[in-house]
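FYI, in my numbering the residues of the sequence shown are 2 to 225.
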Amino acid sequence: MTETTQPRDESDVPRGLQDDPLNGSPDVEAYFGDRYPQVRHFAELLADQGVLRGLIGPRELERVWERHILNSAAVVPFLGDGVIVDIGSGAGLPGLVVAAMLPERRVVLVEPMERRVQWLLEASREVGIDNVTVLRGRAEEVKESVEADVITARAVASIDKLVKWCAPLLAPEGEMVLLKGRSAGDELERAKYALRKHRLVGEVLEAGTLPGLEPTRVVRLTRA
Ligand SMILES: C[S@@+](CC[C@H](N)C(=O)[O-])C[C@H]1O[C@@H](n2cnc3c(N)ncnc32)[C@H](O)[C@@H]1O
Numbered sequence: 002m003t004e005t006t007q008p009r010d011e012s013d014v015p016r017g018l019q020d021d022p023l024n025g026s027p028d029v030e031a032y033f034g035d036r037y038p039q040v041r042h043f044a045e046l047l048a049d050q051g052v053l054r055g056l057i058g059p060r061e062l063e064r065v066w067e068r069h070i071l072n073s074a075a076v077v078p079f080l081g082d083g084v085i086v087d088i089g090s091g092a093g094l095p096g097l098v099v100a101a102m103l104p105e106r107r108v109v110l111v112e113p114m115e116r117r118v119q120w121l122l123e124a125s126r127e128v129g130i131d132n133v134t135v136l137r138g139r140a141e142e143v144k145e146s147v148e149a150d151v152i153t154a155r156a157v158a159s160i161d162k163l164v165k166w167c168a169p170l171l172a173p174e175g176e177m178v179l180l181k182g183r184s185a186g187d188e189l190e191r192a193k194y195a196l197r198k199h200r201l202v203g204e205v206l207e208a209g210t211l212p213g214l215e216p217t218r219v220v221r222l223t224r225a
């Protein structure tokens with residue numbers, strides 16, 4: 002693997018990120034272990050360019066670690082084996098964080114918007130994340146190009162829609178792990194007809210990262 006992450010001094014850290022209480026935290030460093038340099042490089046790139054490129058809001062800059070990076074990382078313990086396909090990757094969340102944390106896994110990032118596709122290509126190259134493939138398209142359009150062992154998605158669409166779009170992309174034993182937050186249970190209930198149609202069953206699981214941070218929720222959908 003090509004490791005392009007360089008040691009950086011504090012003056013390289015983008016302004017907003019310097020005010021993030023978790024930036025430089027030993028707990029965050031310990032959490033990511035040997036993947037920390039790459040993940041940190043990605044966090045810095047996102048903080049540096051994310052607002053300008055319309056990927057994150059200006060008020061999110063001081064919470065990049067908790068709100069975006071650790072929130073994305075929370076999905077990692079739920080990812081089984083095989084190819085991971087992240088639908089609607091946008092800024093690279095959770096796809097690029099997952100790929101940085103699991104360098105031995107193949108990760109496909111599916112994103113329809115050209116400027117976001119460009120960002121994903123540039124960010125993965127700059128940070129040295131070389132286990133990703135970026136595919137331009139909508140989930141409903143990429144059936145011929147991908148077969149997913151695990152599908153992830155964050156802030157893309159309701160569970161109901163994601164099931165309709167993504168079930169055809171799943172390998173026979175494939176599953177979906179959707180980052181959903183507080184609405185998870187209600188959304189899962191509203192998706193029951195779509196789940197039945199595609200022979201999937203769902204469960205809501207708590208997904209934590211660091212002690213003291215509010216855990217998020219993932220919805221895991223597996224074959225019935
Ligand atoms: C609100 S953004 C979230 C991006 C990222 N997952 C995150 O958590 O920051 C939603 C993303 O889903 C993408 N998207 C919308 N409809 C889609 C579809 N049908 N298939 C794949 N991606 C889609 C959008 O282009 C956008 O990048």
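Cβ coordinates follow ideal geometry from the N, Cα and C atoms, glycine included.
The structure displayed is predicted, hence computed values, not measured ones.
Nearest to glycine 186 by alpha-carbon distance, out of Leu222, Arg200, Asn24, Gly213, is Leu222. Around the beta carbon of proline 59, fewer than 16 other beta carbons sit within 10 angstroms, so the residue counts as exposed. CA-to-CA, the gap between isoleucine 88 and valine 98 works out to about 14 Å. Beta-bridge pairing by DSSP links arginine 155 to Leu180.
A direct Cα-to-Cα measurement between isoleucine 70 and glutamine 39 gives close to 12 Å. Nearest Cα to arginine 16 within the set Gly55, His42, Glu63: Glu63. The beta carbon of proline 169 sits closer than 6 Å to those of Lys144, all from its chain and outside the five residues before and after it, given in chain order. Counting along the chain, isoleucine 160 sits inside the alpha helix (DSSP H) bounded by residues 160-167.
Residue environment: alanine 149 is assigned as buried (16 or more neighbouring CB atoms within 10 Å of its CB, all protein chains considered).
Contact check for valine 76 against leucine 211 fails: the beta carbons are separated by 7 Å or more. Straight-line spacing of the CA atoms in valine 133 and isoleucine 85 works out to 10 Å.
About 5 Å separates the beta carbon of valine 128 from that of histidine 42, a gap short enough to meet the 8 Å contact definition. Using a Cβ distance threshold of 7 Å, arginine 36 and alanine 140 do not count as a contacting pair. In the structure shown, the three-state DSSP call for isoleucine 70 is helix. In the DSSP assignment, aspartate 87 forms a beta bridge with Leu110, Thr153. Of the candidates Leu214, Phe79, Arg224, Val205, Leu214 places its Cα closest to the Cα of glutamate 67. Look at glutamate 105 here: in three-state DSSP terms it is coil, with no helix or strand label.
Not one heavy atom of ligand 1 lies closer than 6 Å to the C-beta of arginine 137. DSSP places glutamate 30 inside the alpha helix (DSSP H), whose first and last residues are 27-33. Note on valine 202: under 16 other CB atoms within 10 angstroms of its CB, so exposed under the neighbour-count rule. Closest option to leucine 110, judged by alpha-carbon separation, among Thr153, Pro78, Leu189, Leu171: Thr153.
Leaving aside the five residues that flank arginine 191 on each side, the residues in its chain whose CB is nearer than 8 Å to its CB run, in chain order, Ser159, Ile160, Asp161. Non-local beta-carbon contacts of glutamate 176 in its own chain, meaning distances under 7 Å to residues more than five positions away in sequence, involve Gly81, Val151, Arg221, Leu222, Thr223 in chain order.
Within the same chain, Arg116 come within 8 Å of glycine 55 by CB-CB distance, once the 5 residues on both sides are set aside.
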